[in-house]
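Okay, here's the thing in structure tokens:
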């Protein structure tokens, strides 16, 4: 049963290591590559990182904001990136942080997870301010092999007051998200397809991470300051190959030469594999 | 000083009434119009509602999810809608619920609020799970005449546990959002440009709404069950012309004939004007 997203991702991590290649064509990174801050620059950047990821990373994670800033043309580049990644059999996690209420989520879920959409990815990141249960239209796609990663504890400090606010029974918001994800994933033999985003710069939440039973997407390593060792400790005793570590700026800064990018991808993969 | 978004919006509401025309080209609404669930259908739908809004509504609010589901082509329709709205001098609130951390928000803020972007609107809706302070890149654009609406209390029930979770000092998450917005808007003579989204189906929050000193974007009226009277009571004693009430499905259901749409827009505007 490798059709579901959870097991599919685990198999990729087992085969290729836990590195996720972040694709963030920001103004700053394009400038650092001596490329124009334009749609052409963004396309070159995205395809270069995809190429470096093939065969050495479990997934790519394009940050949608940096494509959206170019409007329809930016989405055209995303569509091309997704097509090429699918041709190369690379898992795509659309880092879109979408989330709304009711049938609006039908629109977003279709956009990022439906095979009929030109933006169809393998998984999408979601923001739970409107409630985890409001995200149900996305969960429906887990039956068809797709996944989601819901923000629990983000890597920035500004999010702490909200994410540690207390519900009835003294449960923190981040723990509620983890618990609701755990409940939806259930305790079957197979890893669930509903994942969470948990910043590597964070303390261990009170909710027992080994009970989440879904994949973890972990930002904050590299430029944001967390080390592979910190990640290893945070996810100690979680299911094998369930932790995917995103590195964006620290990889991109090894570009634009392709050999530099490929070396950086292998180095990060090896560093992360040794602690996870 | 009508350059800032807050006063600009107030002037529109004073002149045209508090109605915001929601533009939600969902599968269900396109089907109810006997239109194909396609990019052509969505374009017809969007431009029809824009036309009905001109001269009778303070703003339009396209729901981005329903365009994003068509990928780059959907964003192409949005670009056309925005161009035509600007030509017709109609305020655009991009209902995107964006929000991330750090420089990622630079990308989203550029996309929706920068005059150099093909998706440049007058204001954008934001989700604060990563913290209100993390949204600073958007706030920078308020100096240049743009605005934002941050989710405080959403109109759906699934969001209640998170939005009423308690911070230190027993402050609810929704009250923290309102307070932080109030602090950023300050108490000057002029209405601030940082608004909040507050569902009309909600109880009055503990934080005194008259202190927010920014505009309110109010969904939940019409198909979601709240009445104009409820809105009037909720925002009693708030600054004049600071409440913008969105109606989407209840307007669209009067289409696709243009005369029906225009009549519905006027009727809703009159109903809302009488209670706000």
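Chains as they are written, first to last, in my numbering: chain F, 32 to 307; chain V, 32 to 307.
Backbone N, C-alpha and C fix where the C-beta goes; we use that ideal spot for every residue, glycine too.
Just so it is clear, the structure is predicted and the values come from calculations on it, not from any experiment.
Report the three-state DSSP secondary structure of residue i (helix, strand or coil).
{"i": "residue 153 (chain V)", "result": "coil"}
{"i": "residue 298 (chain F)", "result": "helix"}
{"i": "residue 127 (chain V)", "result": "strand"}
{"i": "residue 32 (chain F)", "result": "In this prediction, residue 32 (chain F) scores a pLDDT of 44, lower than 50, which makes its location untrustworthy; the coordinate-derived value is nonetheless stated afterwards. The answer is coil: DSSP assigns residue 32 (chain F) none of H, G, I, E or B."}
{"i": "residue 225 (chain F)", "result": "strand"}
{"i": "residue 54 (chain V)", "result": "strand"}
{"i": "residue 307 (chain F)", "result": "coil"}
{"i": "residue 203 (chain V)", "result": "strand"}
{"i": "residue 268 (chain V)", "result": "coil"}
{"i": "residue 240 (chain V)", "result": "helix"}
{"i": "residue 41 (chain V)", "result": "helix"}
{"i": "residue 197 (chain V)", "result": "strand"}
{"i": "residue 257 (chain F)", "result": "strand"}
Along the chain, where does the alpha helix (DSSP H) that runs through residue i open and close?
{"i": "residue 178 (chain V)", "result": "Segment 178-184 is the beta strand (DSSP E) holding residue 178 (chain V); no alpha helix (DSSP H) there."}
{"i": "residue 136 (chain V)", "result": "135-144"}
{"i": "residue 117 (chain V)", "result": "102-118"}
{"i": "residue 168 (chain F)", "result": "167-170"}
{"i": "residue 99 (chain F)", "result": "96-99"}
So, for residue i: in the same chain, excluding its five sequence neighbours on each side, which residues have a beta-carbon less than 7 Å away from its beta-carbon?
{"i": "residue 229 (chain V)", "result": "183, 184, 247 and 249"}
{"i": "residue 75 (chain F)", "result": "66"}
{"i": "residue 116 (chain F)", "result": "81, 91 and 123"}
{"i": "residue 84 (chain F)", "result": "52, 91, 121 and 296"}
{"i": "residue 70 (chain V)", "result": "101, 104, 105 and 108"}
Whose CA, out of the options, lies closest to the CA of residue i?
{"i": "residue 155 (chain V)", "options": "V:165, V:162 and V:172", "result": "V:172"}
{"i": "residue 158 (chain V)", "options": "V:256, V:119 and V:227", "result": "V:227"}
{"i": "residue 207 (chain V)", "options": "V:59, V:140, V:164 and V:291", "result": "V:164"}
{"i": "residue 290 (chain V)", "options": "V:82, V:40 and V:58", "result": "V:82"}
{"i": "residue 37 (chain V)", "options": "V:110, V:254, V:186 and V:218", "result": "V:218"}
{"i": "residue 64 (chain F)", "options": "F:202, F:286 and F:209", "result": "F:286"}
{"i": "residue 268 (chain F)", "options": "F:296, F:239, F:256 and F:186", "result": "F:239"}
{"i": "residue 133 (chain V)", "options": "F:275, F:294 and F:254", "result": "F:254"}
{"i": "residue 263 (chain V)", "options": "V:277, V:305, V:62 and V:78", "result": "V:305"}
{"i": "residue 237 (chain V)", "options": "V:251, V:214, V:201 and V:231", "result": "V:201"}
{"i": "residue 72 (chain V)", "options": "V:39, V:49, V:265 and V:109", "result": "V:109"}
{"i": "residue 231 (chain V)", "options": "V:78, V:106, V:212 and V:256", "result": "V:256"}
{"i": "residue 113 (chain V)", "options": "F:180, F:103 and F:145", "result": "F:103"}
{"i": "residue 106 (chain F)", "options": "F:119, F:68 and F:150", "result": "F:150"}
{"i": "residue 57 (chain V)", "options": "F:189, F:139 and F:251", "result": "F:139"}
{"i": "residue 30 (chain F)", "options": "F:241, F:79 and F:194", "result": "With chain F covering only 32 through 307, there is no way to say anything about residue 30 (chain F)."}
{"i": "residue 162 (chain F)", "options": "F:129, F:153 and F:188", "result": "F:129"}
{"i": "residue 78 (chain V)", "options": "V:307, V:298 and V:293", "result": "V:293"}
{"i": "residue 180 (chain F)", "options": "F:144, F:191 and F:189", "result": "F:144"}
I'd like the span of the beta strand (DSSP E) that includes residue i, first residue to last.
{"i": "residue 251 (chain V)", "result": "Taken as a continuous stretch (DSSP letters only), residue 251 (chain V) belongs to no beta strand (DSSP E), as it is neither H nor E."}
{"i": "residue 278 (chain F)", "result": "274-278"}
{"i": "residue 84 (chain V)", "result": "Element bounds for residue 84 (chain V): not the beta strand (DSSP E) but the alpha helix (DSSP H), 70-84."}
{"i": "residue 93 (chain F)", "result": "90-93"}
Considering only residues of the same chain and omitting the five flanking positions on each side of residue i, which have a CB-CB separation below 8 Å?
{"i": "residue 47 (chain F)", "result": "86, 87, 88, 89 and 300"}
{"i": "residue 302 (chain F)", "result": "259"}
{"i": "residue 148 (chain V)", "result": "141 and 142"}
{"i": "residue 198 (chain V)", "result": "204 and 207"}
So with Cβ pairs under 7 Å, would you call residue i a contact of chain A?
{"i": "residue 187 (chain V)", "result": "Here chain A cannot be found, since the structure's protein chains are F and V."}
Keeping to the same chain, check which residues put their C-beta closer than 6 Å to that of residue i; ignore five residues upstream and five downstream.
{"i": "residue 216 (chain F)", "result": "223, 225, 244 and 245"}
{"i": "residue 60 (chain V)", "result": "283"}
{"i": "residue 272 (chain V)", "result": "41, 44 and 45"}
{"i": "residue 55 (chain F)", "result": "94, 97 and 279"}
{"i": "residue 135 (chain F)", "result": "none"}
{"i": "residue 196 (chain F)", "result": "204"}
{"i": "residue 34 (chain V)", "result": "176"}
{"i": "residue 261 (chain V)", "result": "231"}
Got a sec: does the ligand ZN put a non-hydrogen atom nearer than 6 Å to the Cβ of residue i?
{"i": "residue 156 (chain F)", "result": "Among the components of this structure there are no ligands whatsoever, and the ligand ZN is therefore not found."}
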